[in-house]
């Protein structure tokens, strides 16, 4: 049996016995073959002695059981690491940030407590996946949509707490922002409700976010200050129709004004679906097209096109631009999508086209006009999450296919936030491609396009493969950390990362001698004096382990 | 709808019905009096179908099609030599980008039922 560092075998045995008393013998896992199921399937430390592994796992079925587990952990100073569905692949999976922690597996807490159609909100437990919530809504024929990330088996609560994003309207795509009210088991075992939930018998817990006084919800995301056992979310009323169209532009210099126009349209809510930008001439797809490319192959490129791409600098050469114009391949393609009454979204699309008409040679095309609700059996003709439908098609990334004969073992996401400007797209490509070339990293090797999950910024989301070869993984890890630092030098930071990179990322957030990290530690010491809750998560270490930070 | 979209609908339609219909059905009631594989089928529907149902839109099916180059079907449900122990090993260890599954997701009893279902065509 594995043992958490600093815990005697007698104490650990006592803790496990109490866990068994709390949840039942069958829901405490201590045999290696069972605990190994909590390894991060995409671990960049695969097959290495430093791989982050649990000592045991315990799976409660209720908030009361979570409280009891936390009290026991305090008694024996056993580190815990809660996971919700454990599917945070590419960002750490189900493995702890500190080896030897006992994983608190919340998958059994899978109740959809409420879906309120009239006021469009839900209250769920952490074990509820997007598939589960979608199914719950469909079975009851409720006219609300979920907003899900690409893989639909993740936790609605867990994804929001890790500040993930989705693909429907701007109001819902930021999953943490769209939450309303939390229930948290604090590190001392006390139960806390935030927002209006702090009022006994509250009537508006999922209807008004901040309550009164300091609004503390944010500190329970990407942190280790408690175990969230319930969380409310605002849902989008089912729209009447969906329209998706493309704006195609032919000049390299169109990029910056294209972004400015998009920003205006989006911030003014003339368009509010997921904007998706591609560079067909550079062979870079829109996110909504990526699964199609992975499944059926990318568009054919002629030898002349490939040769021009190989000599282009930062995605540009006059010859490449001329080739694009001659061949009718757009330099930039913006996919705009709209949800709402047909007459409203047609008018929005018309207005969007009017704003882009100033670009010489701009071409417009309606790709999809869909009357909603659609037959769910037909949703996979589209990028499902844009229609609020969960799927697992994103696993075509890295999987074996005719276009990818050598599948990876997983991937780690490099995902820096950069400004919402065309200039920033080019600057980020310049900075990261130079660094990636020097480090021999397999990303930013061609001109990359960012994603538009959030309205006021861009985010690049690039997969760095995890392989079966520890030496390669080590090289990629070191390169990944250097790319994080290079981003920091230019004022850019990651939005989210796996435990193995959390220190590197948080070191970038160093304004005023790292006061933010010190503030986190001040909170940690006050809220979790025994340091039992997810030590090391997002580089927040309890006092007795703080030397790890340096 | 554009020609490209139509083409996408056409190529996807063969597989589409099964996947989403099964997802919508949720956990199928395991009535083994009429279907000896009902329990395993329900586990398959919930956990395996989104990646392994028929059609190129399912990454597991696409991967197996390429891996076995016609020697075995890409669709797991059509295999005629799948051993129960192989099913159990892959589910508990993962392979390529498929992660392993924990016992809070697929219990040992569910895994037995799944292995029985997926090896139903295998001669004993």
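Chains as they are written, first to last, in my numbering: chain A, 289 to 838; chain B, 12 to 135.
We put the CB at the ideal spot given by N, CA and C, even for glycine.
In this text, all values refer to a predicted model and were calculated from it rather than measured experimentally.
By the rule that beta-carbons nearer than 8 Å mark a contact, residue 438 of chain A does not touch chain B. At the C-beta level, residue 499 of chain A and residue 483 of chain A come within 8 Å of one another. Residues of chain A with a Cβ closer than 9 Å to the Cβ of residue 73 of chain B are, in chain order, 582, 583, 684, 687, 688, 689, 690. One Cα belongs to residue 692 of chain A, the other to residue 785 of chain A, and the distance between them is close to 25 Å.
Contact between the segment 351–370 of chain A and the segment 419–427 of chain A is absent: fewer than three C-beta pairs spanning the two stretches fall below 8 Å. Between residue 438 of chain A and residue 532 of chain A, the C-beta gap is not smaller than 8 Å, which leaves the two residues out of contact.
The residues 111, in chain order, have a CB closer than 8 Å to that of residue 104 of chain B in the same chain once the five nearest residues on each side in sequence are set aside.
With respect to the 8 Å criterion, residue 739 of chain A and residue 771 of chain A are not classified as neighbours on the basis of their beta carbons. Within the segment 58–87 of chain B, the residues whose Cβ lies closer than 7 Å to any Cβ of chain A are, in chain order, 61, 62, 67, 68, 70, 73, 74, 77, 78.
Note on residue 312 of chain A: under 16 other CB atoms within 10 angstroms of its CB, so exposed under the neighbour-count rule. Those residues of the segment 100–117 of chain B placed with their C-beta closer than 8 Å to a C-beta in chain A are 103, 105, 107, 108, 109, 110, 111, 112, 113, 114, 115, 116, ordered along the chain.
The C-alpha of residue 441 of chain A is placed about 8 Å away from the C-alpha of residue 373 of chain A. Under a 10 Å Cβ-count criterion, residue 814 of chain A is classified as exposed, with fewer than 16 other Cβ atoms of the shown protein chains found around its own Cβ. Take residue 828 of chain A, set aside five residues on each side of it, and the residues of its chain with a beta-carbon closer than 6 Å to its own are 512, 808, 812, in chain order. One thing to note: residue 525 of chain A has its Cβ within 8 Å of the Cβ of residue 431 of chain A.
Per DSSP, the beta-bridge partners of residue 402 of chain A are A:411. Counting along the chain, the unbroken alpha helix (DSSP H) around residue 583 of chain A starts and ends at 575–584. For residue 477 of chain A, same chain residues with a beta-carbon under 8 Å away, outside a window of 5 residues either side, are 355, 356, 358, 359, 362 in chain order. Separation of residue 53 of chain B and residue 122 of chain B (C-alpha to C-alpha, rounded to the nearest whole angstrom) is 11 Å. With 16 or more other Cβ atoms inside 10 Å of its own Cβ, residue 394 of chain A counts as buried.
Counted as a single uninterrupted DSSP element, the stretch harbouring residue 67 of chain B is not any beta strand (DSSP E), since DSSP gives it neither H nor E.
Fewer than three pairs of CB atoms, one per stretch, sit closer than 8 Å, so the segment 687–705 of chain A makes no contact with the segment 594–611 of chain A.
Between residue 612 of chain A and chain B, the shortest Cβ-Cβ separation is not below 8 Å. If you draw a straight line from the Cα of residue 388 of chain A to the Cα of residue 453 of chain A, it comes to about 30 Å. Inter-segment contact for the segment 675–693 of chain A and the segment 75–85 of chain B is present: three or more beta-carbon pairs are separated by less than 8 Å. The beta carbon of residue 625 of chain A sits no closer than 8 Å to any beta carbon of chain B.
Residue 674 of chain A and residue 667 of chain A have their alpha carbons spaced roughly 10 Å apart. Annotated three-state conformation of residue 644 of chain A is helix, per DSSP. Burial of residue 382 of chain A is indicated by the presence of at least 16 other C-beta atoms within 10 angstroms of its C-beta. It is roughly 24 Å from the alpha-carbon of residue 469 of chain A to the alpha-carbon of residue 426 of chain A.
Note: residue 620 of chain A is bridge-paired with A:537 in the DSSP secondary-structure output. Within the same chain, and ignoring the five residues on either side of residue 396 of chain A in sequence, the residues whose Cβ sits closer than 8 Å to its Cβ are 315, 347, 348, 349, 415. By the neighbour-count criterion, in which 16 or more other beta carbons inside 10 Å mark a residue as buried, residue 816 of chain A falls on the buried side. Not one beta carbon of chain B lies nearer than 8 Å to the beta carbon of residue 640 of chain A. With a cut-off of 8 Å on Cβ pairs, the segment 565–584 of chain A is not in contact with the segment 657–666 of chain A, counting fewer than three such pairs. Identification of chain B residues near residue 374 of chain A by a Cβ-Cβ cut-off of 7 Å yields 113, ordered along the chain.
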